[in-house]
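Asks: Sharing a structure here in C-alpha cells format.
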Amino acid sequence: MPHVTVWKKDTDSERPVYQVGGKSFVFFRTARPDAFDPDTGERYDDVIVFWVESQDDKLALVSDESNPFFTTPHFDGHPSVLVRASRIGELTKQELTEIIQDAWLAQASNRRATTWLADHRLS
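The sequence shown begins at 1 in our numbering and counts up by one.
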C-alpha cells in the first residue's frame with residue numbers, strides 16, 4: 001500500500017505499527033490482560049489489530065465463526081478487530097489482502113483513498 005510507514009518503539013522491536021499519514025491501521029500488540037486463552041488464562045502474545053471502516057464491518061467480522069477475528073471489551077466502540085498471528089493462516093491470501101487494504105482505506109486520507117481506489121478500479 002502506498003504512503004505506508006513502519007514505526008517501531010525501538011530498533012529491536014518485533015511489534016511494528018503500520019501507519020498511513022501518521023495513523024495506525026495495523027499493529028502488533030504486546031500481551032495484555034484482555035486477550036487470553038480461556039482454558040489456561042495465559043495472555044495471547046501474538047495479537048494483531050486491524051482497523052475497520054465501521055462498527056458494522058467489525059460486527060460482521062467478529063460474528064462470523066468461520067474466521068479467526070475477535071474483539072475484547074477493551075476495544076468496545078473502537079473500529080478494529082483482533083486476530084492471533086497463530087491463526088492468520090486460516091485466512092486465504094485474498095482475505096488477508098482485503099483486510100489489510102480495508103484497514104489502510106479506513107485510515108488513509110480521502111485523497112489517498114480515492115486515488116488508490118481509482119488506480120485499482122475499486123471505487
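Glycine included, each C-beta is placed from N, C-alpha and C at the ideal position.
Note that the structure is a prediction, hence the values are computed from the model and not measured.
In angstroms with no decimal places, state the Cα-to-Cα distance between Met1 and His74.
Replies: Distance between the alpha carbons of Met1 and His74: 28 Å.
Asks: Measure the C-alpha to C-alpha separation of Val62 and Asp119 and round it to an integer number of angstroms.
Replies: Approximately 30 Å between the Cα atoms of the pair.
Asks: Determine the contact status of Thr72 and Asp34, defining contact as a CB-CB distance below 8 Å.
Replies: Yes, Cβ-Cβ distance for Thr72 and Asp34 is below 8 Å.
Asks: Helix, strand or coil: which one does DSSP assign to Ser123?
Replies: Note that Ser123 scores a pLDDT of 49, beneath 50, so its modelled location is shaky and nothing firm can be said.
Asks: Would you decide whether Val81 is buried or exposed? Buried here means 16 or more other CB atoms lie within 10 Å of its CB.
Replies: That one is buried.
Asks: Looking at the unbroken beta strand (DSSP E) that takes in Leu82, where does it start and where does it end?
Replies: First-last of the beta strand (DSSP E) with Leu82: 80–84.
Asks: Could you give the distance in angstroms between the alpha-carbon of Glu14 and the alpha-carbon of Ala106?
Replies: Each residue's Cα considered, the two are about 24 Å apart.
Asks: Does the count of Cβ pairs from the segment 18–35 and the segment 52–59 closer than 8 Å reach three?
Replies: Touching, no, given that fewer than three Cβ pairs across the two stretches are closer than 8 Å.
Asks: Could you tell me which uninterrupted beta strand (DSSP E) segments, each at least 3 residues in length, are contained entirely in the segment 23–94, listed from first to last along the chain?
Replies: Fully enclosed beta strand (DSSP E) runs of 3 or longer: 23–28, 47–51, 80–84.
Asks: Give a yes or no on whether the C-beta atoms belonging to Pro68 and Arg87 are separated by under 8 Å.
Replies: It is a contact, given that the beta carbons lie within the stated cut-off.
Asks: Using 8 Å as the limit for Cβ to Cβ distance, is Lys8 near chain C?
Replies: Given the protein chain composition of this structure (a single chain), no chain C is represented.
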